[in-house]
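Chains as they are written, first to last, in this note's numbering: chain A, 434 to 648; chain B, 48 to 320.
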């Protein structure tokens, strides 16, 4: 259903009213918040988890937790940003849990020299198609998803929040439950890993585009 | 300056490098670092092209349907149990009707007392204070009810088909909320009528008809049916009336239920609506 889009200020103001009404016992007011912010939270959740099923679970859990913690929410803050952060927190916990379950089923957990989590996927022999084939088949998006899935949950969260969510370092540190310097380092490490995995393909696409041969 | 590290260039791209200006100066003179930054830009731009599936325009409604049964009941106003979910207390349960009767009587008594009691001395000041408290509770309740009704009407007034050729529009969300508001509206209208506030009763009566229309509409309506509902909302100016009365109640609540104008002319103000 098409609705008139309110300005950001109006939206934040009406969010604050809806929060107050919810706290006063009006469940319908919370429905407005859910309907208004679900799609935005879904985009974050999908990018973090990489699949629809998990993303939907993250969205539901984020709003349930928001409802339970609403009393702690400072009404001057932005509800959209707040529920976004709750979703990020839950998504990272969920990814870590899944990874741990997968690792227990497959290989023992390993750590890098600095104690950071090491993704087990990175130990799998590289079965990537050659750059030539990639350029011809236009599978860059598939490769990008694959590279993202090989980041650790913390790296993926940091990358998604920083580069897609526009979150600040302190917000990321809060989601990762780490210091700001550690959060900065995690953002850097995520970009570094993605560069290593994807730059040959991105450069090749650039060359193909320059030559007018990109499919 | 030495070449910035990869970490510094990534931070520079994000606008968060410690020496943002120094790096910018260096980039102006260093083709090598310019190329490195261009590669970082290209990678991040490429990653931005990964599509996210659209969950659909009604996704928020679906999320609500999934989570609402799992939401714990929040302690709210003392009158909320009257309008709680049917699962918790069916509408026909004696407890609900007994409670509704008791509260209607309280509301009626509060209004009559509020309007007929004239403080004559210190001995009656406590009773006056009590009456004010009761009336304030009612004012808040009706004000909130009008606020919720306004939200539903505004959403319907702003609804429309997403695309030119769309044959049906889903208004099930607004419909369910209108159903819930109907019960509440009847109680307030009857109370207002019984205590002689015909202006408020009149507005609530008009609101009830619109809510009834919406509640009895099909979940999927054609654009023509939706237009019909919208015209009925607009024709009587009900949205405007609801806003005016809501605003007046809010002012009364803020001023401790003092009449909006001298001579107790709150009702006469509403009669102008």
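Where is the CB? At the ideal position from N, CA and C, for every residue including glycine.
Since the model is a prediction, treat every value here as computed from it, not as a measurement.
- Those residues of the stretch 85-100 of chain B placed with their C-beta closer than 9 Å to a C-beta in chain A are 86, 87, 89, 90, 91, 92, 93, 94, 95, 96, 97, 98, 99, 100, ordered along the chain.
- Buried is the label assigned to residue 242 of chain B, since at least 16 other Cβ atoms lie within 10 Å of its Cβ.
- Neighbours of residue 625 of chain A in chain B, taken as residues at a C-beta separation under 9 Å, are given in chain order as 53, 54, 57.
- Remark: C-beta atoms of residue 524 of chain A and residue 590 of chain A approach each other more closely than 8 Å.
- In the structure shown, residue 217 of chain B adopts extended strand secondary structure according to DSSP, grouped into three states.
- Annotated three-state conformation of residue 267 of chain B is strand, per DSSP.
- Assigned with DSSP and collapsed to three states, residue 275 of chain B falls in helix.
- At a cut-off of 8 Å between beta-carbon atoms, residue 265 of chain B makes no contact with chain A.
- Restricting attention to B:203, B:296, B:236, the CA atom closest to the CA of residue 276 of chain B is found in B:203.
- Its Cα nearest to that of residue 463 of chain A, the residue B:112 stands out among B:53, B:95, B:101, B:112.
- Uninterrupted alpha helix (DSSP H) stretches at least 4 residues long and entirely within the stretch 573-618 of chain A occur at 573-582, 586-592, 602-609, given in chain order.
- Residue burial is scored here from C-beta neighbours: residue 76 of chain B has fewer than 16 other C-beta atoms within 10 angstroms and is therefore classed as exposed.
- By a beta-carbon distance limit of 8 Å, residue 262 of chain B does not contact residue 234 of chain B. Their separation comes to about 16 Å.
- The three-state reading of DSSP puts residue 457 of chain A in coil, since its state is none of H, G, I, E or B.
- A distance below 8 Å between beta-carbons, with the five flanking residues on each side excluded, links residue 195 of chain B to the following residues of its chain, in chain order: 224, 228.
- The beta-carbon separation of residue 503 of chain A and residue 580 of chain A, rounded to 37 Å, does not stay under the 8 Å limit for a contact.
- Rounded to whole angstroms, residue 448 of chain A and residue 623 of chain A show a C-alpha spacing of 34 Å.
- Rounded to the nearest whole angstrom, the C-alpha separation of residue 57 of chain B and residue 296 of chain B is 56 Å.
- What residue 118 of chain B touches in chain A, judged by beta-carbon distance under 8 Å, is 460, 463, 497, 500, going in chain order.
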